[in-house]
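This note's numbering puts the first residue of the sequence shown at 464, with every later residue one more than the last. These notes are about the structure you will find just below.
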Amino acid sequence: MATFGLFLLVGFFAQLVDGAVGMAYGVISSSVLLAFGVPPAQVSATIHAAECFTTGASGTSHLLHRNVDWRLLLRLAPAGIVGGVIGAYLLTGFDPTFIKAFVVAYLGILGLFLLFRAVRGPREEPPHLNHVIPLGVVGGFLDASGGGGWGPIVTTTLLGRGHAPRYAIGSVNTAEFFVTVAISATFVWAMVTGRMVIEGGIGQALAALGGLVLGGLVAAPLAGYVTKIAPARLLLGAAAVLVIGLSIWQGIQLWPKLLDEPMLSGFFSSR
464 MATFGLFLLV GFFAQLVDGA VGMAYGVISS SVLLAFGVPP AQVSATIHAA ECFTTGASGT
524 SHLLHRNVDW RLLLRLAPAG IVGGVIGAYL LTGFDPTFIK AFVVAYLGIL GLFLLFRAVR
584 GPREEPPHLN HVIPLGVVGG FLDASGGGGW GPIVTTTLLG RGHAPRYAIG SVNTAEFFVT
644 VAISATFVWA MVTGRMVIEG GIGQALAALG GLVLGGLVAA PLAGYVTKIA PARLLLGAAA
704 VLVIGLSIWQ GIQLWPKLLD EPMLSGFFSS R
């Protein structure tokens, strides 16, 4: 019950932020699960299982509030599915430390750029469709392999290119449902074939999953309304601060792990 209650609060907060700003559900949830000592592959599997429910509710909320650009959605979703399936498969067999380090650096730079755009004032214009498919593939891959990243990568990039925050956030959140289902199916296949084993007991895993799902479902309807009524500059500024803060936090967590990597430890020891 303690585990369920904790992740109920985590799921509510993470989904409220993710649905309103377009990112951070995976990053927030994965940070807590990793702090509990859960292996990275199991972290990603648990989060994406929960997101099958929360992203469905969030996407429905954005559709009802007309926050979705269909041309953008129909390009992002298939591309994200391809990248997500590949990332989920690789995560069960490889160390994602360097992938996470790359994401942190990328987000830090984009976060500063977004902050500059928020201060200057975002442009309200229809989303550009150039390079959306490669962006979806990369976002899906990093989301699955890093336990979170679809929102930060895709939403941040779209906002940085001048997309209207309301439609960029709504479209990305809606596409995330399809990407998440594909990633979850890949993890189920990995468990069935023995490529991934659940650690810590099924009861603990189900308690965390149930809390994340219920908390996220409660918060999802509120997030779509917040996105609809909030000023574009406020949303962009909130996204920028969130990205910068998460990048710094993740960088602090990753640094000791990077120093333990054989290639980097050998480099520093030679100096």
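We put the beta carbon where it would ideally sit given N, CA and C, even for glycine. Only a predicted model underlies this, so the values are computations on that prediction, with no experimental measurement involved.
Under 8 angstroms, do residue i and residue j count as touching if we go by C-beta distance?
i, j, result
"residue 490", "residue 611", "yes"
"residue 473", "residue 674", "yes"
"residue 556", "residue 690", "no"
"residue 512", "residue 647", "yes"
"residue 546", "residue 600", "yes"
"residue 551", "residue 638", "no"
"residue 706", "residue 603", "no"
"residue 548", "residue 703", "no"
"residue 717", "residue 564", "yes"
Please list, in chain order, all residues of the same chain as residue i whose beta carbon is under 6 angstroms from its beta carbon, the five residues on each side excluded.
i, result
"residue 701", "484"
"residue 676", "513 and 516"
I'd like the list of long-range same chain contacts for residue i, defined as Cβ closer than 8 angstroms, with 5 residues on each side in sequence excluded.
i, result
"residue 476", "491, 678 and 682"
"residue 468", "674"
"residue 544", "603, 641, 642 and 645"
Using 10 angstroms around the beta-carbon of residue i, count the other beta-carbons present and answer buried if the total reaches 16, otherwise exposed.
i, result
"residue 538", "buried"
"residue 643", "buried"
"residue 615", "buried"
"residue 506", "buried"
"residue 636", "buried"
"residue 509", "buried"
"residue 486", "buried"
"residue 592", "exposed"
"residue 712", "exposed"
"residue 465", "exposed"
Using a Cβ-Cβ cutoff of less than 7 angstroms, which residues in the same chain neighbour residue i once the five nearest sequence positions on both sides are dropped?
i, result
"residue 504", "554, 555 and 659"
"residue 596", "538 and 542"
"residue 502", "662"
"residue 598", "617 and 620"
query: Counting pairs of beta carbons, one from the segment 524 to 543 and one from the segment 614 to 632, are three or more of them closer than 8 angstroms?
result: Contact holds: three or more Cβ-Cβ distances are below 8 angstroms.
message: Would you call the segment 505 to 524 in contact with the segment 563 to 579, where contact means no fewer than 3 C-beta pairs closer than 8 angstroms?
response: In short, these stretches do not touch, since the Cβ pair count stays below three.
Completely contained alpha helix (DSSP H) runs for the segment 593 to 652, where each covers 4 or more residues: For the segment 593 to 652, whole alpha helix (DSSP H) runs of length 4 or above, ordered along the chain, are 595 to 609 and 619 to 623.
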